[in-house]
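Here is the structure we will look at, set down as structure tokens.
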Amino acid sequence: MSFIFIFKGRLIFGPDAKSLIITVLLIIVPVIIFCTNVARNLINEIPGNIQGHAILLVTVVLTIYVLLLLLLTSARDPGIVPRNPNPPTEELCYDSSASIDAFGSRSQTPTPRLPTTKEVIVNGVAIRVKYCTTCMLYRPPRCSHCSVCDNCVERFDHHCPWVGQCIGMRNYRSFFMFISSASLLCIFIFAMSALNIKFLMDDYGTVWKAMKESPLSVVLMVYCFIFLWFVGGLTCFHLYLIGTNQIKPSRNNFSAYVGENERGPGNLGMNSSGGYNYAGELDGNRREKVEDDREIGGDLLKISQRPAE
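If you're matching positions, the sequence shown starts at 0 in numbering that gives the first Met the number 0 and goes up one per residue.
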């Protein structure tokens, strides 16, 4: 899969970055409808221009904030582990059983092979890691291979088609802030559209006449209600994962080696001060550090614990 690199790797878009156009339209179109119809009516209905224009200002600012978070999520390296050009020779072992060569004869020469798993010590805890035949490396803890991007990603959560990028160690925080802010935007537009219906109901007497007078308010309420089930539910789900120190694809296998309440390598849950440790807390330089990562080579512990510079 091909990636799009911009500004010397400071921005990196996934192979399906074109889906961003759909996501942006799903955000901008209802906001434009709201600002040009519902918000304008609220400015006339609410006494005092300050309150009415404040609704319009909050909508615009919140929308820009959501779009910026979308860009940060989509254009940031999710935590791609650079693949090796060759398998790690120091891990090779030999199969002593007889093998069949290309001519059909049985050969007694041991054939080299790599063990599918091995144990490493991370923060004093023994962790079993798996070998990735595509990237030719042993994946760090909480690292998985994305079948869409065809890369191993540290703290891989999932590949999101709506942002066109994997969600991993380096963009999880912006992803979580994006979906939570999008949920707030849905709630705000839904509430303001309902308020517009209420004002019209006071003027026309019944809710049906009010809905007939402003059908776009009803459309926006239905639209925001439907999308709130998706982004709001996703926000609650990831709040649960953050609070219980889990990452979606690894919450079953990782807890077999490190208890979820213990402070294992790369703790994701609540810290001692009551705040959350996001999976994407290692932000640092947004440029993909290709050269630095290649210097790491096959050292699994250095890859899994590399600092964000």
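Glycine included, every Cβ here is placed at the ideal spot set by N, Cα and C. Owing to the predicted nature of the structure, the values given are computational and were not obtained by experimental measurement.
Apart from sequence neighbours up to five positions away, the residues of its chain that approach Thr-72 with a beta-carbon distance below 6 Å are Val-162, Asn-170, Ser-173, Phe-174 and Phe-177, ordered along the chain. Burial of Ala-38 is indicated by the presence of at least 16 other C-beta atoms within 10 angstroms of its C-beta. Taking C-alpha positions only, Phe-155 is separated from Asn-40 by approximately 45 Å. Between the alpha carbons of Asn-85 and Cys-151 lies a gap of roughly 15 Å.
The secondary-structure analysis by DSSP pairs Val-119 across a beta bridge with Ile-126. Residues of the same chain with a CB within less than 7 Å of the CB of Ser-216, apart from the 5 flanking positions on each side, are Val-37, Ser-192, Asn-195 and Ile-196 in chain order.
Excluding residues up to 5 positions away in sequence, Cys-223, Phe-226 and Leu-227 lie with their Cβ nearer than 6 Å to the Cβ of Cys-185 in the same chain.
Under the three-pair Cβ rule at 8 Å, the region 62-82 does not count as touching the region 116-123.
When beta bridges are read from the DSSP output, Phe-12 appears opposite Ile-3. Nearest neighbour of Leu-136 by Cα position, chosen from Asn-244, Asn-122, Gly-78 and Asn-83, turns out to be Asn-83. Nearest in C-alpha terms to Cys-145, of all of Gly-78, Lys-129 and His-158, is His-158. In this structure, the CA atom of Thr-35 is about 56 Å from the CA atom of Val-121. Counting along the chain, the unbroken alpha helix (DSSP H) around Val-23 starts and ends at 18-32.
Collapsing the DSSP output to three states places Gln-164 in a strand. Secondary structure of Asn-195 (DSSP, three-state): helix. In this chain, the beta strand (DSSP E) harbouring Cys-151 covers 150-153. Leu-136 is bridged by DSSP to Cys-131. Looking only at Leu-219, Gly-51 and Leu-238, the smallest Cα-Cα distance to Ile-27 is reached by Leu-219. Rounded to the nearest whole angstrom, the C-alpha separation of Thr-205 and His-52 is 27 Å. In the DSSP annotation of this structure, the continuous segment of the beta strand (DSSP E) that includes Ser-143 starts and ends at 142-145.
In this structure, Val-230 lies away from Ser-180, with their beta-carbon atoms at least 7 Å apart.
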